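Anchor point for the sequence shown: position 26 equals 609 in my numbering, and the numbering is continuous, going up by one each time. This report refers to the structure that appears directly beneath it.
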Amino acid sequence: MGTVVRQKVYGIVGQHCAELAAQEIARLEAIWTVFSPDSEICGLAANAGQQAAEVAPDTVEILLRAIELHALTRGALDITAGSLVHLWRLAAERSMLPTRAELAAARALVDITGIEVNELRRVRLRLRGQQLNLGAIGKGYAADRCIDLYRSRGARHAMIDLGGNVAVLGVKPDGSAWRVGVQDPSGKRGQYVGHVDVADCSVVTSGSYERVFELGGRRYSHIIDPRSGLPVDNDILSVTVVHASSLLADALATACMVLGSQAGLSLANDLVADVMLICTHGRLFTPGMARLFRPRTCPVAG
Ligand code: AMP
Ligand code: MG
């Protein structure tokens, strides 16, 4: 999933759980990556506009959740923006902006209703050329799966970090909460603006500070606004979401990046999620996050 995975799983079953979780992540990555023609996601794109293909239960599950999340986030999270993501990745590789015609063609393929899922686990993309991209929610889904796996195998204290996407099971073995640092979007990696102490929860941060690309002296985000087809360019530097569901936290963090601070904060409040937005003009909090967040006063352990 393009990141380093860190796990801490305590107890006799710990080592075994960590190995199973690593296998689970590798399995999900293999079926969802856009970088291998053998993945289910690439298979769906290859058959778009034509026949349906049978997919794994996890793929059906994440697609159904993604359709819900599209509605919940007012269209800001749209996994059918795959063609746009691809177009902007090519632009970065070639150091050349897409043309108007290329942008219009890719935008025309952004349509969540094009995902057709039937009861036999068969999925079809309605529009020829349509591509999915699970980059905004795959890690959240995987983190939830790993926490389920730890729990079902008898672990009681565990933490998984999929590069900015943290989920914890229970409290730490000594009974204290897990401390999760919030990355400073303007600082070096591992430099924190503060932390949250959590149990049985997920903490996800999304930001344009990572995986940006530069073109003609301008910096472009890897997050695309599905409405305009353009990389997001607003007042938000990063979004941190605390929620029981890592999938929802992951989706909401990306969606807030798209929506901008005002609409993002209002969405977070509507979804009763704990969110902090670090903006160019300061920090914004939902009421729950204002209580949870501890600004940095001393160095934070990771
Ligand atoms: P995240 O790091 O969770 O914010 O997800 C960003 C990744 O999701 C990008 O690298 C793209 O692969 C993909 N993506 C970008 N914009 C969107 C969007 N508006 N909706 C869904 N996926 C997106
Ligand atoms: Mg996300």
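Just so it is clear, CB atoms sit at the ideal spot from N, CA and C, and this is done for glycine as well. Note that this is a predicted model, so its numbers are computed, not measured.
Measuring CB to CB, does residue i end up less than 9 Å from residue j?
i	j	result
THR663	VAL693	yes
ALA722	THR823	The residue asked about is misnamed: residue 722 is Lys in this sequence, not Ala. Cβ atoms of LYS722 and THR823: not closer than 9 Å.
GLU607	ALA725	yes
ILE698	LEU646	yes
ARG728	HIS599	no
LEU670	LEU655	no
GLY843	ASN817	yes
ALA827	SER759	no
LEU798	MET679	yes
ARG739	GLY594	yes
ASP853	VAL787	no
LEU850	ARG657	yes
VAL588	GLY746	yes
MET584	LEU603	no
ALA659	ASP808	yes
VAL617	GLY665	yes
ARG879	TYR733	no
ALA684	LEU667	no
ALA629	PRO620	yes
Using 8 Å for Cβ pairs, my map puts residue i next to residue j. What's the rounded Cβ distance?
i	j	result
MET840	ASP857	Not confirmed; about 17 Å, so no contact.
VAL749	VAL765	Not confirmed; about 10 Å, so no contact.
LEU717	ILE650	In fact, because the Cβ distance is near 13 Å, the residues do not count as touching under 8 Å.
LEU831	LEU715	Going by Cβ atoms, the distance from LEU831 to LEU715 rounds to 19 Å, so no, they are not a contact pair.
ASP661	ILE695	6 Å
ALA605	VAL592	Not a contact, Cβ separation roughly 11 Å.
GLY777	ILE819	Their Cβ separation, rounded to whole angstroms, is 17 Å, which puts GLY777 and ILE819 out of contact at 8 Å.
LEU875	VAL815	With a Cβ gap of about 25 Å, LEU875 and VAL815 do not count as contacting.
PHE796	ALA675	4 Å
ASP780	TRP761	7 Å
Please state the DSSP three-state secondary structure of residue i.
i	result
MET872	helix
LYS722	helix
ARG728	helix
ARG568	Residue 568 lies beyond the residue range present for the chain, which begins at 584 and ends at 885; the question has no answer from this structure.
ILE595	coil
ARG734	helix
Opposite residue i in the DSSP bridges: which residues?
i	result
VAL749	ASP744 and VAL786
TYR775	GLN766
VAL668	Paired residue(s): none; VAL668 is not in a bridge.
MET859	THR823 and PHE868
VAL706	ALA636 and VAL700
ARG589	ASP744
ARG802	GLU797
ARG877	HIS778
ILE807	PRO814
TRP615	None; TRP615 has no bridge partner.
Any heavy atom of ligand 4 within a distance shorter than 8 Å of the CB on residue i?
i	result
ASN716	Ligands present in the displayed structure are limited to ligand 1 and ligand 2, and ligand 4 is not among them.
Would a check of beta-carbon distances place residue i closer than 9 Å to chain C?
i	result
ALA782	Absent from the structure: chain C. Only one protein chain is present.
Can at least three beta-carbon pairs, one atom from the segment 631-646 and one from the segment 760-777, be found at a separation below 8 Å? no
For the structure I just gave you, are there three or more beta carbon pairs, one from the segment 862-876 and one from the segment 732-752, closer than 8 Å? no
Counting Cβ pairs closer than 8 Å, one from the segment 828-838 and one from the segment 695-710, do we hit at least three? no
Check whether the segment 804-814 touches the segment 785-792, counting contact only when three or more Cβ pairs, one atom from each stretch, lie closer than 8 Å. yes
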